[in-house]
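Read the structure below first, then the notes.
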Amino acid sequence: MEGLTLEEFGAILVMQGFNGLSYFCVLLLMALGLAIIFGQMGVINMAHGEFLTIGAYATFLLSWLSEHYAPWFMPYYFLLAVLLGFAAAFAVGHLTELALIRHLYRRPLDSLLATWGLALIMQQGFRSLFGAREVSATLPDWLLGSWQPVSGIDIPLNGLFVMALTMLLTAGVLILTYRSRWGLQMRATTQNRVMAGAVGIDTQQVDRFTFALGCGIAGVAGAAFTTIGSTGPTSGSLYIVDTFLVVVFGGAQSMLGTVASAFSIAQASSILEFFMTGSMAKVSVLLTIIVILMMRPEGLFRANVRR
Amino acid sequence: MLEVNGLSVAYGQSEVVHDLSFAVGTGEIVALMGRNGMGKTTTFKALMGILGIRSGSVRVNGQELSASAPHQRVRSGLAYVPQGRMIFPNLTVRENIMTGLQTRACAIPQDVFTLFPVLLEMSQRRGGNLSGGQQQQLAIARALTTNPSVLLLDEPTEGIQPSIIKDLARVLKEIRTLRGLTIVVSEQVLSFALAVADRLLVIERGQIVDEVTAMSGAAERVSRYLSV
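What follows is the structure, given as structure tokens:
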């Protein structure tokens, strides 16, 4: 670190922190979906990363189509891609629940194996459809370039866009969970499925929508992902371990815990990565999490209630 | 009104409830009496659709329900207060009550809070932090919100202090008068059953073995079945 003035050091910290924020956004979008599916429903969905990939390929497809057939649409396609990513992942999630997940609610270990198998099938599907080579969406001009609040600090615009998207979606999911009729039914169903049925909640329908929604959010994460990386058949699976880590660390029942834990994990890895090698950074983050989880087995946030 | 005909329920190979039949008229309160393990809870779960039945029919207001899912039975007018109350511990009291709302409107019927003023006081507390008696009131309030015509209560006095048991009997009768409900309550506590019910059915080994109207002499006749 020699030859760095205090000012340069500060600038590095800010930019590295911002990189951490971009990582935080993708991680949080993935984790929000998984917090619903794993934290609330208790389904271990190993294929969650593949729903991100669906969203990413949907974005790529739309970018390719508008580049070749409707160049005038280029500046706007990305907004549509976010919706398309959501819709595609939601639809596939809906089918997955119908065909596979609903038979596995009382069998968590089987759901782990089954969804892992599904992940492999989906990865091969992507490979057959789009090829093994990584592709990237052509970003519209307004997402390129950077914003310079002071000289020496460059904040990339695509990062800012992803962050705004993440905040909107997080707020949306929180409102949906804690203020809407569906959210109430979802929380009741996950706490006591039998009793929820006996107060008149159609638990099958609630489960299906909940699972599909979690997948849909991963699809939006996929659209966001295309702005910071290129898409391959296994892009999503790279995130699955980190995402589970975020959900478990945050406290499986708590949405706010998910936000806090995604933030701390992403920031810690990003800032540490600058000062040591990538794998050493990963090891230290993991060790810290293990120690904290040993002291607080239920994660950062937990509900204070008698059982 | 509720009509049960030839109801048989089995866990795997072993049949627990055999060919059970009874009918409860509109505005009537009936107590299903019996010791532990005689099939009271099994009967209630089967009526609600939580347990599958082997044979028989369940009708509410003439509508056959034996093939319906639990949530469809609720929509047809059955409501259930289970043994152990089974409120949602992580939801607030208000949210617990709202789970019973079937319309898109978010209004809880006013009489629920008139019957159970303590729930209005505690509406922002989590259900799991309430005392046993308060949870029982919450479970009844939640069931009433579904606007039922038949209310099933499985051992409502279990684990509740004696002074509150008296209140409970009074409240159940009040609900009946207010809403013209049919109420079936399963019970081991004879004094409570006599205080609340018009008619007592005695269940033993999954069959109804006696039927008594609540008047003088009923106590001795039913207590024979309940003593161990």
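As you go down the protein sequences, you meet chains A and B in turn. If you use the numbering used here, the first sequence corresponds to residues 575 to 881, in order. If you use the numbering used here, the second sequence corresponds to residues 8 to 235, in order. Think of the CB as a built atom: it goes at the ideal place given N, C-alpha and C, for glycine as much as any other residue.
Practice prompt. Determine the direct distance from the alpha carbon of C599(A) to that of I845(A), and round the result to whole angstroms.
Written response: Rounded to whole angstroms, I845(A) to C599(A) spans 15 Å at the Cα level.
Worksheet item: Quick one, which residues of the region 669-685 of chain A are near chain B if we go by CB-CB under 9 Å, in chain order?
Response: Per Cβ criterion, the list is empty.
Worksheet entry | Inter-residue spacing [alpha-carbon to alpha-carbon] between L654(A) and F634(A) | When rounded, the distance between both Cα atoms is 12 Å.
Fill in: Check whether V747(A) and T763(A) have beta carbons under 7 Å apart
Cβ distance not < 7 Å, so V747(A) and T763(A) don't count as in contact.
Worksheet item: Leaving out the 5 sequence neighbours to the left and right, which residues in its chain are closer than 8 Å to M737(A) when beta-carbon positions are compared?
Response: Answer for M737(A): L595, S596 and C599, listed in chain order.
Worksheet item: Roughly how many angstroms lie between the CA atoms of L185(B) and I628(A), to the nearest whole one?
Response: Straight-line spacing of the CA atoms in L185(B) and I628(A) works out to 56 Å.
Worksheet item: M589(A): which of L639(A), S720(A) and L830(A) sits nearest, CA to CA?
Response: Ranking L639(A), S720(A) and L830(A) by Cα distance to M589(A) puts S720(A) first.
Worksheet entry | Bridge partner(s) assigned by DSSP for Q214(B) | According to DSSP, which records beta bridges pairwise, Q214(B) is partnered with E211(B).
Fill in: Distance CB(T49(B))-CB(V23(B)) smaller than 7 Å
Taking a C-beta distance under 7 Å as the contact criterion, T49(B) and V23(B) qualify as a contact pair.
Worksheet entry | Cross-chain neighbours of G616(A) in chain B, by beta carbon under 8 Å | Listed by position along chain B, the residues whose Cβ is nearer than 8 Å to that of G616(A) form an empty set, because the closest Cβ is around 14 Å away.
Worksheet item: Taking 7 Å as the CB-CB cut-off, is E102(B) touching chain A?
Response: Taking Cβ atoms only, chain A reaches closer than 7 Å to E102(B), which makes this a yes.
Item to complete: Under 8 Å between beta-carbons, which chain A residues line up against L98(B)? List them in chain order, please.
Response: Neighbours of L98(B) on chain A, chain order: L758, R761, A762 and Q765.
Worksheet entry | Local Cβ density within 10 Å of E847(A), reported as buried at 16 or more and exposed below that | Answer is buried; the Cβ neighbour count reaches 16.
Worksheet item: Since V768(A) meets chain B, which of its residues come closer than 7 Å, beta carbon to beta carbon?
Response: Those are I57, listed as they occur along chain B.
Item to complete: Tell me, please, whether the region 187-202 of chain B touches the region 152-172 of chain B by the rule of three or more beta-carbon pairs shorter than 8 Å.
Response: Yes, they touch.
Practice prompt. Please confirm if G139(B) has its CB atom under 7 Å from at least one CB of chain A.
Written response: Residue-level contact by beta carbon fails for G139(B) and chain A, as no gap is shorter than 7 Å.
Worksheet item: Are any of the Cβ atoms in chain B nearer than 7 Å to that of D816(A)?
Response: The beta-carbon of D816(A) is placed no less than 7 Å from the nearest beta-carbon of chain B.
Discussion item. Under DSSP, the beta strand (DSSP E) around A38(B) begins and ends at which residues?
Written reply: If you look at A38(B), you'll find it in the beta strand (DSSP E) that goes I36 to M40.
Fill in: Contacts that I775(A) makes with chain B (C-beta to C-beta distance below 7 Å)
Correct list: H78 and T106.
Item to complete: With DSSP collapsed to three states, give me the class of F29(B).
Response: DSSP places F29(B) in strand when its eight states are reduced to three.
Worksheet item: Quick one, are the C-beta atoms of A836(A) and V820(A) less than 7 Å apart?
Response: Contact flag set, yes.
Item to complete: Enumerate in chain order the residues of its own chain whose CB-to-CB distance from F29(B) is below 7 Å, with the five nearest sequence positions on each side excluded.
Response: Within the same chain, V11, L208 and I215 come within 7 Å of F29(B) by CB-CB distance, once the 5 residues on both sides are set aside.
Item to complete: Determine the closest residue to T817(A) out of T805(A), I675(A) and A795(A), with distance taken between C-alpha atoms.
Response: When only C-alpha atoms are compared, the closest one is A795(A).
Practice prompt. Name the one or two DSSP bridge partners that Y18(B) has.
Written response: DSSP lists S21(B) as partners of Y18(B).
Worksheet item: For L686(A) versus I618(A), is the C-beta spacing smaller than 7 Å?
Response: Yes, the Cβ-Cβ distance between L686(A) and I618(A) is below 7 Å.
Practice prompt. With DSSP as the reference, label M575(A) as helix, strand or coil.
Written response: Legend: pLDDT at M575(A) = 49, less than 50; position of this residue unreliable, no value from coordinates given.
Item to complete: Answer yes or no: do S637(A) and F647(A) have a C-beta to C-beta separation smaller than 7 Å?
Response: Annotated as distal: S637(A) and F647(A), with beta-carbon spacing of 7 Å or more.
Worksheet item: Do you know offhand how far L108(B)'s Cα is from Q697(A)'s?
Response: Across the structure, L108(B) and Q697(A) are spaced so that their CA atoms are roughly 43 Å apart.
Discussion item. Cutting at 7 Å between CB atoms, please list the residues of its own chain near T33(B), excluding the five before and the five after it.
Written reply: So the list reads M8, G187 and T189, once near-sequence residues are dropped.
Worksheet item: Name the DSSP beta bridge partners of S193(B), please?
Response: Paired residue(s): L39(B) and D161(B).
Discussion item. Within a Cβ cutoff of 8 Å, which residues of the same chain sit near A76(B), ignoring the five residues on either side of it in sequence?
Written reply: Taken in chain order, the residues that qualify are G56.
Worksheet item: Roughly how many angstroms separate the alpha carbons of V203(B) and A176(B), rounded to a whole number?
Response: Spanning the two alpha carbons is a distance of roughly 5 Å.
Item to complete: Could you pull out every residue in the same chain whose Cβ sits closer than 8 Å to the Cβ of L692(A), ignoring the five residues on either side in sequence?
Response: The residues are M620, A621, E624, T670 and L674.
Worksheet item: Which whole-angstrom value describes the C-beta separation of G882(A) and P682(A), a residue pair presumed to lie in contact below a C-beta threshold of 8 Å?
Response: Here chain A comprises residues numbered 575 to 881, so residue 882(A) is not present and cannot be evaluated.
Fill in: Paired residues, beta bridge with I729(A) - DSSP
Under DSSP, I729(A) takes part in a beta bridge, and its partners are W721(A).
Worksheet item: Can you round the beta-carbon distance between T801(A) and N732(A) to whole angstroms, since I take them to be within the 8 Å contact cut?
Response: The beta carbons of T801(A) and N732(A) sit about 4 Å from each other, so the pair counts as a contact at 8 Å.
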